[in-house]
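Asks:
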Amino acid sequence: MSLTIDEILTAGPERLPVVMGILNITPDSFSDGGKFLSPALASDRAMEMIEAGADIIDIGAESTRPGSERVSADDQIARISGVIATVVETGIVVSIDTTLSQVAEYALDAGAAIINDVSAGRDDPVMLPLAGSRNAVIILMHMLGKPKTMQDMPLYNDVVAEVAKFLAERVEEAVSAGVSRNRCVIDPGIGFGKTLEHNLAIIANLDKLAEQTLPIMVGPSRKRFIGELTGETDPENRTAGTIATCLEAFRRGANIFRVHDVKAVKQALIVASRIGS
86 MSLTIDEILT
96 AGPERLPVVM
106 GILNITPDSF
116 SDGGKFLSPA
126 LASDRAMEMI
136 EAGADIIDIG
146 AESTRPGSER
156 VSADDQIARI
166 SGVIATVVET
176 GIVVSIDTTL
186 SQVAEYALDA
196 GAAIINDVSA
206 GRDDPVMLPL
216 AGSRNAVIIL
226 MHMLGKPKTM
236 QDMPLYNDVV
246 AEVAKFLAER
256 VEEAVSAGVS
266 RNRCVIDPGI
276 GFGKTLEHNL
286 AIIANLDKLA
296 EQTLPIMVGP
306 SRKRFIGELT
316 GETDPENRTA
326 GTIATCLEAF
336 RRGANIFRVH
346 DVKAVKQALI
356 VASRIGS
C-alpha cells in the first residue's frame, strides 16, 4: 500500500525510511539521460519503480548535473505532459523536480503533491507563495551557485554550518511566504557545489541538520563522489556505494532517499530500520 503524504512527513525518531524513485525525462542527465524521453518509456519506468517499492516518484524534465543548461518552462511541461497524470493515477505520491513555478503549477494541477526545488525557491519568486497557496510539500535544497558552474572550485569555511544555516533560512523564507513549516523538507544537496570532502562531511554530520526537526532528504544516487572513492567510472555501477551512503545517512537522521536503484535501496533500508527498532 502506498504511503500517504502525511505518513511521509511524520516527525520523530519513528519516521519510516522513504524511497523516492528518480524519473528523469531528460536527454542529458548524468546517469540515465535519454532513456525515458518518450511517455511510454517514462511511464513504464515509473511502474517498474513503484513495483520495486518506491514511495514517491520524482519527475523531472531538466537536468541539474554539473555543467547543464537551463530548460524553459514550456519545454519542461511538454516533456512531462504525457506522463505525470498516468503516474498520479496509480495512487503513489508524485513530486515535480523543477525550479520554475509554471512547471510546478502544471504538475500540482495534474495531481503532484511535492515540489522538489533544488534552488530552494531562489530561482523563481513565485515558487514559495505557490507552494503555500496550494498546501504543497516543498523540498528545499542547498546548492552553491548554479548547476552550470557549481563544481567550479566550491569553497566553504565550514560546509556543515553553512549548509545548516542556509537551510534554516530558506525554511523561514518559505514559512514567510505561506508554507506551513510541517510541509517543508530539507536537503543538504550532496554533489551540488561540493567536493568529495564536503559531501563526506555533510553525511557524517547529518545529525546537525536533524536538529531542525524536519524531514531530511538525501540524493547521493550514483554520484561522482562515489566514483571518486571506489574508482567506478560508470554511474550505473555505483549501486553498492549508493546503498552504503543511504544506510549511513539513515543512521544519522535522513529519512527520504532519492535514488535510481529503488529495489536495492528499499531492501537495505527495511533491514536497517528493523535492526534499529
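Under this note's numbering, read the sequence shown as residues 86 to 362, first letter to last.
All C-beta atoms in this analysis are idealised placements derived from N, C-alpha and C, irrespective of residue type, glycine included.
Using three-state DSSP, classify G230 as helix, strand or coil.
Replies: Position 145 of the sequence shown, counting from 1, holds the residue named residue 230. Residue state, collapsed to three classes: coil.
Asks: Can you tell me the Cα-Cα spacing of L193 and E257, whole angstroms?
Replies: For the purposes of this step, residue 193 is taken as the residue at position 108 of the sequence shown. For the purposes of this step, residue 257 is taken as the residue at position 172 of the sequence shown. Going from the Cα of L193 to the Cα of E257 covers about 23 Å.
Asks: In angstroms, rounded to a whole number, what distance separates the CA positions of D243 and I165?
Replies: Reading the sequence shown from its first residue, position 158 is the one you call residue 243. Reading the sequence shown from its first residue, position 80 is the one you call residue 165. Cα to Cα, the separation comes out at about 38 Å.
Asks: If you pair each beta-carbon of the segment 251-269 with each one of the segment 303-317, do three or more pairs fall below 8 Å?
Replies: Result no; under three Cβ-Cβ pairs closer than 8 Å.
Asks: Over the uninterrupted alpha helix (DSSP H) stretch that includes G145, give me the two end residues.
Replies: By 1-based counting over the sequence shown, the position of residue 145 is 60. Looking at the DSSP string, G145 is not in any alpha helix (DSSP H); the run it does join, the beta strand (DSSP E), is 141-145.
Asks: Spatial neighbours of R219 within its chain, please: C-beta separation below 6 Å, excluding the five flanking residues on both sides.
Replies: Numbered from its first residue, the sequence shown carries residue 219 at position 134. Result list for R219: L193, in chain order.
Asks: At the level of alpha carbons, what is the spacing between F115 and L88?
Replies: As a first step, residue 115 is located in the sequence shown; it is residue number 30 there, counting from the start. As a first step, residue 88 is located in the sequence shown; it is residue number 3 there, counting from the start. Bear in mind that a pLDDT of 47 at F115, under 50, signals an unreliable position, so the model cannot answer this.
Asks: Strictly by DSSP, which residues pair up with D60?
Replies: The structure shown does not extend to residue 60, since the chain is modelled only from 86 to 362, so the question has no answer here.
Asks: State the Cα-Cα distance for the pair R309 and G276, rounded to the nearest angstrom.
Replies: Position 224 of the sequence shown, counting from 1, holds the residue named residue 309. Position 191 of the sequence shown, counting from 1, holds the residue named residue 276. Approximately 7 Å, taken between the alpha carbons.
Asks: Going by other Cβ atoms of all chains shown within 10 Å of its Cβ, with 16 needed for buried, is S180 buried or exposed?
Replies: The count along the sequence shown starts at 1 and reaches residue 180 at position 95. Label assigned to S180: buried.
Asks: Note the first and the last residue of the continuous alpha helix (DSSP H) segment covering S128.
Replies: Residue 128 sits at position 43 when you count from the first residue of the sequence shown. Note, S128: alpha helix (DSSP H), 124-136.
Asks: Nearest by alpha-carbon distance to I162: which of R323, I110, I177 is it?
Replies: Within the sequence shown, numbered from 1, the residue matching residue 162 stands at position 77. Checked all of R323, I110, I177; the closest Cα to I162 is I110.
Asks: Report yes if the C-beta distance between I341 and V103 is below 8 Å; otherwise report no.
Replies: Counting from one through the sequence shown, the residue named residue 341 turns up at place 256. Counting from one through the sequence shown, the residue named residue 103 turns up at place 18. Contact flag set, yes.
Asks: Consult DSSP for D194 and reduce its assignment to one of helix, strand or coil.
Replies: The residue you call residue 194 lines up with position 109 of the sequence shown. Looking at D194 - three-state DSSP - the assignment turns out to be helix.
Asks: How is F342 classed by DSSP in three states: helix, strand or coil?
Replies: Working through the sequence shown from its first residue, we reach residue 342 at position 257. Strand at F342.
Asks: On the premise that T183 lies in contact with E147, defined as a C-beta separation below 8 Å, what is that separation, rounded to the nearest angstrom?
Replies: Counting from one through the sequence shown, the residue named residue 147 turns up at place 62. Counting from one through the sequence shown, the residue named residue 183 turns up at place 98. E147 to T183, Cβ: 7 Å. Contact.
Asks: Which ranges does the beta strand (DSSP E) cover as unbroken runs of at least 3 residues, wholly within the segment 302-356, from first to last along the chain?
Replies: List check, beta strand (DSSP E) in window: 341-344.
Asks: Note down the Cα distance separating I199 from V222, rounded to an integer number of angstroms.
Replies: Within the sequence shown, the letter at position 114 stands for residue 199. Within the sequence shown, the letter at position 137 stands for residue 222. Straight-line Cα distance between these residues: approximately 5 Å.
Asks: With a threshold of 7 Å on Cβ separation, who are the neighbours of A96 within its own chain once the five nearest residues in sequence on each side are excluded?
Replies: Here residue 96 corresponds to residue number 11 of the sequence shown, with the count starting at 1. The pLDDT assigned to A96 is 48, lower than 50, so where the model puts this residue is not dependable; a value taken from the coordinates is nonetheless given after this. Once the five neighbours on either side are set aside, the close Cβ partners of A96 are T298.
Asks: Within 10 angstroms of the Cβ of S186, are there 16 or more other Cβ atoms? Answer buried if so, exposed if not.
Replies: Counting from 1 along the sequence shown, the entry for residue 186 is found at position 101. By the neighbour-count rule (16 or more Cβ atoms within 10 Å), S186 is buried.
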